[in-house]
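Counting the sequence shown from 1 gives a position; the working numbering is that position plus 19. Note that CB positions come from ideal geometry on N, CA and C, so glycine has one too. For clarity, every value in this text was computed on a predicted model and none was experimentally measured. See structure below.
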Amino acid sequence: MTPKESEITKISKGTVGNLAAAGPIAIQGFEGSFHQMAARFFYGKETEVRCCSTFREVIDAAKDKKRTDGCIMAIENSIAGSILPNYNLIQKSNLHIVGEIYLQVDQNLLVNHNVELEDIKEVHSHTMALQQCYDYLDQHKWKLVESEDTALSAKHIAQYKSKHTAAIASTLAAELFDLKVIAPRIQTQKKNYTRFIVLKRPEDVGVAQGGNKASINFQTVHKEGSLARVLGVIAIHKVNLTKLQSFPIPGSEFKYQFHADMEFDSLLSFERVIEKMKPLTEQIKIYGVYNKGVWK
């Protein structure tokens, strides 16, 4: 067995590609959410989802083979940055990353089909969605009502056939609940992307046979310049470090662990980096090897 085969077999069980979902996929939020849009882009339009209230529930559902075939979970946003609690959930879950997708988050004003702009008196949505659209909303004298979820807001105005209430949500919510997009892309920042990762149970994935991206977690030895030496190894081997996120190690005296995302031309390049990193680190955990995400 070659070193490449040995190392990948031992510490990386990620698979690559647009994998088929054998069962439902766990997501955070309700039907019509951006998480469901990401699931559809990755697995296909007919993908069944299991809606969860929190990201912790998403991970629990993904670990249960009787409930789901894995999950899709937001990990960072181009405006808000990293979703730090989700990195901790991944680390503790033992799930493997098998893919990613970058989804453009467009906020749309949705109404029932017989409603016009002059009919609207209230706009309902999640607080973050409302904040993202203040420049547009400030042009009107509507009452803004915070809700639990963007998609749930859309569902409610459809259920109650409201003529004076609009919701801010995705185009998928408009499609699922038969609503009209009366004003598309009303968010202030037009280029707003969220990165989602696809997670599966380790027993449901195989040895990586390809891929051009990997996610790892490592702890440096507690010596001066140790992180700089690790970064130097990555640079020398022409592996592109696209993400480096530090986390304090609980119970330690200001020691840190790091999450890193790397892009490379071949698995052999990644393998060489891992081998060179080992003497400079106390531990390395590979979450998965997969293909770089498609921008949607």
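### Neighbourhood of S25 by C-beta distance below 7 Å, restricted to the same chain and skipping five residues each side
Stepping through the sequence shown from its first residue, residue 25 is reached at position 6. Reliability fails at S25, whose pLDDT of 38 lies under 50, so the model's placement of it is uncertain and the value that follows must be treated cautiously. Within the same chain, no Cβ atom closer than 7 Å to the Cβ of S25 is found once the five residues on either side in sequence are excluded.
### Query
Since K306 and N236 are thought to touch, with beta carbons under 8 Å apart, how far apart are those beta carbons, to the nearest angstrom?
The residue labelled residue 306 in the question sits at position 287 within the sequence shown. The residue labelled residue 236 in the question sits at position 217 within the sequence shown. Reading the sequence as shown, one finds Tyr at residue 306 and not Lys. With 8 Å as the limit, Y306 and N236 qualify as a contact, their Cβ atoms being about 7 Å apart.
### Query
Any idea if D83 is buried or exposed, counting beta-carbon neighbours within 10 angstroms, 16 or more meaning buried?
What you label residue 83 is simply residue 64 of the sequence shown in a count that begins at 1. So D83 ends up on the exposed side.
### Message
Let me make sure I understand the geometry here. Which of V200, D157, K295 has the alpha-carbon closest to that of H256?
### Response
The residue you call residue 256 lines up with position 237 of the sequence shown. Selected option, being the one with the closest Cα: K295.
#### Entry: Buried/exposed call for I91, threshold 16 Cβ in 10 Å
On the sequence shown, residue 91 is found 72 positions in, with the first residue counted as 1. Of the other Cβ atoms in all chains shown, 16 or more fall within 10 Å of the Cβ of I91; this residue is therefore buried.
### Query
Looking at V240 and E119, is the spacing between their C-beta atoms short of 8 Å?
Residue mapping note: residue 119 aligns to position 100 of the sequence shown, counting from 1. Residue mapping note: residue 240 aligns to position 221 of the sequence shown, counting from 1. Taking a C-beta distance under 8 Å as the contact criterion, E119 and V240 do not qualify as a contact pair.
### Query
In the structure shown, what three-state DSSP assignment does G307 receive?
The sequence position of residue 307 within the sequence shown is 288, counting from 1. If DSSP states are grouped into helix, strand and coil, G307 belongs with the strands.
### Message
Could you compute how far the alpha carbon of D10 sits from the alpha carbon of A185?
### Response
This structure cannot speak to residue 10, because the chain is shown only from 20 to 315.
### Message
Do Q208 and I98 count as a contact pair if the criterion is CB distance below 8 Å?
### Response
Residue mapping note: residue 98 aligns to position 79 of the sequence shown, counting from 1. Residue mapping note: residue 208 aligns to position 189 of the sequence shown, counting from 1. Annotated as proximal: I98 and Q208, with beta-carbon spacing under 8 Å.
#### Entry: Residue span of the beta strand (DSSP E) that contains V68, given as start and end
The count along the sequence shown starts at 1 and reaches residue 68 at position 49. Element bounds for V68: 68–71.
### Query
Skipping 5 residues on each side, what residues in its chain have a beta carbon closer than 6 Å to that of K174?
What you label residue 174 is simply residue 155 of the sequence shown in a count that begins at 1. Same-chain partners within the cutoff: F196.
#### Entry: Touching by the beta-carbon criterion (3+ pairs, under 8 Å), the region 63–77 and the region 243–254
Judged by Cβ distances under 8 Å, the region 63–77 makes no contact with the region 243–254, as fewer than three pairs qualify.
### Task
Please classify Q302: is it buried, with 16 or more other beta-carbons within 10 angstroms of its beta-carbon, or exposed?
Locating residue 302 in the sequence shown gives position 283, where the first residue counts as 1. Label assigned to Q302: exposed.
### Task
Would you identify the three-state DSSP class for L299, choosing helix, strand or coil?
Counting from one through the sequence shown, the residue named residue 299 turns up at place 280. Here L299 sits in helix by DSSP.
#### Entry: Sequence-distant residues of its chain with Cβ nearer than 7 Å to R356 (five each side left out)
The chain is shown only over 20 to 315; residue 356 falls outside these bounds and no answer can be derived.
### Query
Does DSSP put N37 in a helix, a strand or coil?
By 1-based counting over the sequence shown, the position of residue 37 is 18. Low confidence applies here, because N37 scores a pLDDT of 45, under 50, leaving its location unreliable and the question unanswered by this model.
### Task
Compute the Euclidean distance between the alpha carbons of T87 and G42, then round it to the nearest angstrom.
Taking the first residue of the sequence shown as 1, we reach residue 87 at position 68. Taking the first residue of the sequence shown as 1, we reach residue 42 at position 23. Between T87 and G42, the C-alpha separation is close to 6 Å.
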